[in-house]
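To start, the structure under review is shown below, and the notes come after it.
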Amino acid sequence: METSIAFVLLFSLLAVSSVAEKFDFFYLVQQWPGSFCDTRQGCCFPDTGKPAAEFGIHGLWPNYAKCGRGRGEELASAVLGEDDVAFFSGAVGRRGKCWPEFCDDGNALSLWEVRDLVASLNRNWPTLSCKSGRSFEFWSYEWKKHGTCSNLAQHDYFARALAIKAAYNLTAILAGAGIVPSDTATYSLSSVRDAIAQGTGFTANLECNRDADGNAQLFQVYQCVDRQGKKLIDCPLSMPTKCSSDQLKLPLF
Ligand SMILES: *[C@@H]1O[C@H](CO)[C@@H](O)[C@H](O)[C@H]1NC(C)=O
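Numbering (mature numbering (1 follows the signal peptide of the UniProt record, and there is no 0)), first residue to last: -20 to -1, 1 to 233.
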């Protein structure tokens, strides 16, 4: 009896004192601007002007490796090691999601904290949303939703996302495999997947969307990154791709 009370006390103390968010890996999500814009919904350019025709960062998202059902979990154990995954087993985020989010609403992004990164962020992490046209609002939202769960300070969070993007130029990697933006050419899903695996050394997950005519197009690439936000890893989870067609487009931007 007394032992169990002691245990309950010990565990509540641990729960309170462990501020660190538990998650298994990050997704660095990059979007192809042509596929963002080429939908029924369309896009707007930020106040800094039309972004380059290159992949742009959407976000750096903490994620659980073990999330609900099935197949992905075996893959996760193989990639991360059984112990790591077991440690986080059963971790399901607030609202039943596969990732933690909005971990500290009181921690708003400060422009001052990232002032030396703003030029690079404008180039590599531009907003295409028509809501505000101000990329700072995009970064602030990403920080609030995902960054506050990253166990990283604001500057590190953005600097690490930029560093990984810079280390692997997805636009160049795809071009090297003959996958270039075009309004007519189509590419197979496996050729895109293989090009990224070969060019970066690690598997990534892919997401497609549809253009206004309903054609499938490559929309976002999800690269997997270790818990420190420093090194790519093979993606421990597969995702439903929605790339149902094998005739993917990479539309001009
Ligand atoms: C990435 O590659 C593309 C295509 O080769 C090139 O135009 C672009 O300048 C590169 N971006 C960076 C930041 O080096």
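Cβ atoms here follow ideal geometry from the backbone N, Cα and C, with glycine treated the same way.
Quick caveat: nothing in here was measured; it's all calculated off a predicted structure.
Item	Value
What are the start and end residues of the beta strand (DSSP E) that includes Val9?	Phe5 to Gln11
Beta strand (DSSP E) containing Tyr202: first to last residue?	Ala196 to Val205
Please name the residue or residues paired with Ala184 in a DSSP beta bridge.	Gln203
According to DSSP, simplified to helix, strand and coil, what is Gly14?	helix
Given that a residue counts as buried once 16 or more other Cβ atoms are within 10 Å of its Cβ, and exposed if not, what is Gly70?	In this predicted model, Gly70 has a pLDDT of only 40, less than 50, meaning its place in the structure is not dependable enough to derive any value.
Are three or more beta carbon pairs between the stretch 35 to 47 and the stretch 127 to 134 nearer than 8 Å?	yes
Should Thr28 be counted as a contact of ligand 1 given a C-beta to heavy atom distance under 7 Å?	no
Any contact between the stretch 111 to 119 and the stretch 18 to 26? By contact I mean 3 or more CB pairs, one from each, below 8 Å.	yes
Under the three-state reduction of DSSP, which class applies to Lys229: helix, strand or coil?	strand
Under 5 Å, CB to any heavy atom of ligand 1. Which residues pass, going along the chain?	Asn149, Thr151 and Ala152
So what does DSSP say about Ile213, is it helix, strand or coil?	strand
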